[in-house]
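Residue numbers (my numbering): 218 to 500.
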């Protein structure tokens with residue numbers, strides 16, 4: 218069933234687990250995520266980034282995700298990931314998204330607050346949850362690039378002020394993760410996370426979690442992370458499976474024979490993440 222992101226945030230916050238948010242670009246990815254969530258009896262976020270919307274078209278993404286959510290027996294939220302404009306957020310709400318993220322982290326602080334407040338004002342009356350971002354998360358997320366040196370960690374006191382003034386449902390924080398593939402092992406600032414958790418009373422979100430060691434993820438969840446974004450590891454599973462078919466059966470021309478194994482590989486990746494985040498059996 219399609220539910221507001223707020224419902225998933227509140228349950229995760231109370232239950233001390235995190236819900237996986239997996240990026241979608243086509244039908245097979247959506248099917249893989251939903252099948253894993255159903256089998257693990259876990260709530261889940263399907264989310265579309267700007268790149269995903271550009272690739273598939275918002276009508277296709279929304280229709281596929283809503284069809285999957287409505288058929289599912291577990292709670293599913295459809296989220297806009299890293300929206301950067303008010304018009305894009307409004308378009309997603311019009312197309313039935315049940316959660317949106319407005320990313321004003323590149324903007325000066327007061328401008329980030331202003332655009333986030335504007336989004337909250339239109340989203341909340343529609344029953345749509347709002348996630349915002351404070352601090353910059355390194356790496357590249359579709360059209361948004363942040364140099365590692367420029368990436369700045371979230372300040373706990375600033376987070377408290379931001380949440381109070383914007384009334385967001387969730388806050389994506391920068392504590393040492395990055396988008397894309399890590400060159401070394403990421404080191405998360407758990408002390409900062411604990412201080413942010415103390416300072417605010419909203420769901421905290423971890424972006425760029427693909428490739429973060431399992432024990433670091435478990436610790437982050439224990440310290441209050443309620444939503445964890447995964448994209449890169451799904452892409453890797455998809456690509457490895459397709460490459461394996463091409464390598465072992467170079468004559469294969471049936472797209473279903475290429476994409477079927479990719480769907481299975483992604484499903485196993487999602488299943489592992491659901492168990493790691495502690496959301497299995499929570500639907």
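Note that CB positions come from ideal geometry on N, CA and C, so glycine has one too.
Determine the direct distance from the alpha carbon of residue j to that of residue i, and round the result to whole angstroms.
i           : j           : result
residue 427 : residue 496 : 17 Å
residue 418 : residue 309 : 26 Å
residue 387 : residue 447 : 17 Å
residue 283 : residue 313 : 8 Å
residue 454 : residue 434 : 20 Å
residue 261 : residue 327 : 32 Å
residue 371 : residue 352 : 4 Å
residue 318 : residue 331 : 14 Å
residue 383 : residue 472 : 46 Å
residue 227 : residue 423 : 16 Å
residue 367 : residue 321 : Note that residue 367 has pLDDT 45, beneath the 50 cutoff, so the model's placement of it is unreliable and no number is given.
residue 323 : residue 460 : 37 Å
residue 464 : residue 479 : 14 Å
residue 452 : residue 292 : 24 Å
Taking DSSP's pairing of strands, which residues face residue i in a bridge?
i           : result
residue 459 : Partner(s): none; residue 459 has no beta bridge.
residue 390 : 351
residue 379 : DSSP, once it has assigned bridges, lists no residue as partnering residue 379.
residue 242 : Note: residue 242 sits in no beta bridge, so no partner.
residue 446 : 238
Apart from the five residues just before and just after residue i, which ones in its own chain have a Cβ nearer than 6 Å to its Cβ?
i           : result
residue 230 : 420, 443
Of the choices the options, whose alpha-carbon is the least far from that of residue i?
i           : options            : result
residue 488 : 225, 256, 223      : 256
residue 490 : 316, 450, 281, 265 : 450
residue 179 : 323, 352, 306      : An answer regarding residue 179 cannot be provided, because it is not within the stretch 218 to 500 covered by the chain.
residue 249 : 288, 391, 460, 483 : 483
residue 481 : 253, 225, 259      : 253
residue 392 : 294, 369, 452      : 369
residue 316 : 247, 430, 220      : 220
Cβ of residue i within 8 Å of Cβ of residue j?
i           : j           : result
residue 476 : residue 245 : yes
residue 237 : residue 499 : no
residue 394 : residue 344 : no
residue 349 : residue 377 : no
residue 286 : residue 278 : no
Leaving out five residues before and five after residue i in sequence, what residues of the same chain have Cβ atoms less than 7 Å from its Cβ?
i           : result
residue 242 : 269, 272, 273
residue 440 : 407, 410, 411, 414
Can you name, in chain order, every residue of its own chain whose Cβ lies under 8 Å from the Cβ of residue i, other than the five neighbours on each side?
i           : result
residue 474 : 462, 466
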